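A.B. asks: Numbering (our numbering), first residue to last: 20 to 403.
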């Protein structure tokens, strides 16, 4: 019997302040250096971080590269999609909300915006008195996540979906996806199949196959580190009327549509901006996909852009993280937020996106950067 030849692997060794990390990468996928770098986390549960170069999260990322990743994942996922049949796409907060929404919209552009497909994100925010599904994120520094059941016509698609697509930036144990699957089954009576989509898959050989751009495995030997993690769980506060439900927390069907006032507001912000340097479009926390939408709008009129987002993830200034600064807390619930690798002098302008009102923290942050302006993203809706 002729057995298939094993895929060639390369090994990357990284000595972190928090321990020793070995990453074994399948050479048949995307290149390691194109996909990610390594960071050190201030987290006793997991002292390392796979820092994606494709997300626009910890590293400023060209819009074209983000969209290239969406299309490459869709190429693999497409045979599993069922046009005309109800389907639900779910992205994991906070890191993969933009990835998931971008992949969902790429699928609609390829198969038709009127598909009976909905998009949801998990969240750590209280969106009001609506039914929600709790699940545990195994290695997170933050609180347990939950997902709100969609409302109206979106609920019908959710209940009728036989196929679900779960999206995260990376999968290393698969436990979070499995926890979510178990939590979904009592609420989705028609559910038959679940697809995992990630930029990188570093699970064991026994884990479920996934759609991914890079795959392999890793091992980590931790060492004690006497550093106190920042505050990750704040006081519970309602996000109703503060954070927008229009970007996936309560369900979205179709492509995002800007209000009539958006083009004028954007024109005012970038008026007189030199094209010698790019513009950075900065999302906040879970509010990531809007940064790609705004950047694409600017690039359509010749403005060069990069995309990034703030995060509650506490990461050391080491390796892939060249610098760090405190960022606004979108809800004001006492959780530390950060932005990494942001050099204001590298940009002609920094546009800080806000889901709702511009908080005093955000105003102070823009003043600190010096060349930044807030942009409120209200009035958006989806259409199919």
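All C-beta atoms, glycine included, are put in the ideal place defined by N, C-alpha and C. Because the structure is a prediction, the values reported are computed rather than measured.
Is there contact between the segment 108-115 and the segment 314-326, where contact requires at least three CB pairs shorter than 8 Å?
C.D. replies: No: the two stretches stay apart, fewer than three of their Cβ pairs being nearer than 8 Å.
A.B. asks: For the segment 299-372, which segments carrying the alpha helix (DSSP H) assignment without a break, of at least 4 residues, lie completely within its bounds, in sequence order?
C.D. replies: Listed in chain order, they are 308-318.
A.B. asks: Just curious, the beta strand (DSSP E) that residue 449 is in, first and last residue?
C.D. replies: What is shown of the chain runs 20 to 403, which leaves residue 449 out entirely.
A.B. asks: Where are the alpha helix (DSSP H) runs, 4 residues long or more, that stay fully inside the segment 68-134, in chain order?
C.D. replies: If we require 4 residues or more, the alpha helix (DSSP H) runs fully inside the segment 68-134 come out as 82-96, 116-130.
A.B. asks: Thinking C-beta only, is residue 328 closer than 7 Å to residue 344?
C.D. replies: Not in contact: residue 344 and residue 328 (Cβ atoms no closer than 7 Å).
A.B. asks: In whole angstroms, what separates the C-alpha of residue 44 from that of residue 186?
C.D. replies: Spanning the two alpha carbons is a distance of roughly 21 Å.
A.B. asks: Should residue 141 and residue 166 be called a contact, given that it needs their Cβ atoms to be closer than 7 Å?
C.D. replies: Cβ distance < 7 Å, so residue 141 and residue 166 count as in contact.
A.B. asks: Based on DSSP bridge pairs, tell me the residues matched to residue 166.
C.D. replies: 152, per the DSSP bridge assignment.
A.B. asks: Using the Cα positions of residue 32 and residue 361, report the straight-line distance between them to the nearest angstrom.
C.D. replies: Taking the straight line joining both Cα atoms gives about 27 Å.
A.B. asks: Please identify the residue among 189, 133, 239, 272 whose C-alpha is closest to the C-alpha of residue 174.
C.D. replies: It is 272 whose Cα lies nearest to the Cα of residue 174.
A.B. asks: For a cutoff of 7 Å on Cβ pairs, would you count residue 204 as touching chain B?
C.D. replies: The structure shown has no chain B; it contains just one protein chain.
A.B. asks: Residues in the same chain with beta-carbon distance under 8 Å from residue 394, minus the five sequence neighbours each way, listed in chain order, please.
C.D. replies: Once the five neighbours on either side are set aside, the close Cβ partners of residue 394 are 284, 285, 288, 313, 370, 371, 372, 373.
A.B. asks: How many angstroms separate the CA atom of residue 115 from the CA atom of residue 151?
C.D. replies: Going by the C-alpha atoms only, they are around 19 Å apart.
A.B. asks: Rounded to the nearest angstrom, how far is the Cβ of residue 274 from that of residue 124, given a contact under 8 Å?
C.D. replies: The pair is a contact, with the Cβ atoms about 6 Å apart (cut-off 8 Å).
A.B. asks: Please look up how many angstroms separate the CB atoms of residue 56 and residue 338, rounded, as I've assumed it's under 8 Å.
C.D. replies: Sure, about 6 Å apart at Cβ, within 8 Å.
A.B. asks: Give the C-beta separation of residue 149 and residue 168 to the nearest angstrom, bearing in mind that I take them to be a contact with Cβ-Cβ under 8 Å.
C.D. replies: So it is a contact: roughly 7 Å between Cβ atoms.
A.B. asks: Taking 8 Å as the threshold, find out whether the segment 226-245 comes into contact with the segment 55-74 through three or more Cβ pairs.
C.D. replies: Verdict: yes, contact present.
A.B. asks: Around the C-beta of residue 305, are 16 or more other C-beta atoms found within 10 angstroms, so that it is buried, or is it exposed?
C.D. replies: Burial call: buried.
A.B. asks: Roughly how many angstroms separate the alpha carbons of residue 160 and residue 401, rounded to a whole number?
C.D. replies: Annotation note: pLDDT 48 at residue 160 (below 50); position unreliable, no value reported.
A.B. asks: For a test of the three-state rule: what should DSSP assign to residue 209, helix, strand or coil?
C.D. replies: Three-state DSSP puts residue 209 in coil, outside helix and strand.
A.B. asks: Can you tell me whether residue 231 is helix, strand or coil according to DSSP?
C.D. replies: Residue 231 falls in the coil class under three-state DSSP.
A.B. asks: Just confirm the distance between the C-beta atoms of residue 347 and residue 378, as a whole number of angstroms; I'd bet it's less than 8 Å.
C.D. replies: Rounded, the Cβ-Cβ distance is 6 Å, consistent with contact.
A.B. asks: Measure the CB-CB distance between residue 230 and residue 96 and report whether it falls below 7 Å.
C.D. replies: In contact: residue 230 and residue 96 (Cβ atoms closer than 7 Å).
A.B. asks: Taking 8 Å as the limit between beta carbons, can you name the residues of its chain near residue 131, skipping five residues before and five after?
C.D. replies: Cβ within range, chain order: 102.
A.B. asks: Select from 202, 93, 270, 217 the residue whose C-alpha is nearest the C-alpha of residue 172.
C.D. replies: Of the candidates 202, 93, 270, 217, the one whose C-alpha sits nearest the C-alpha of residue 172 is 270.
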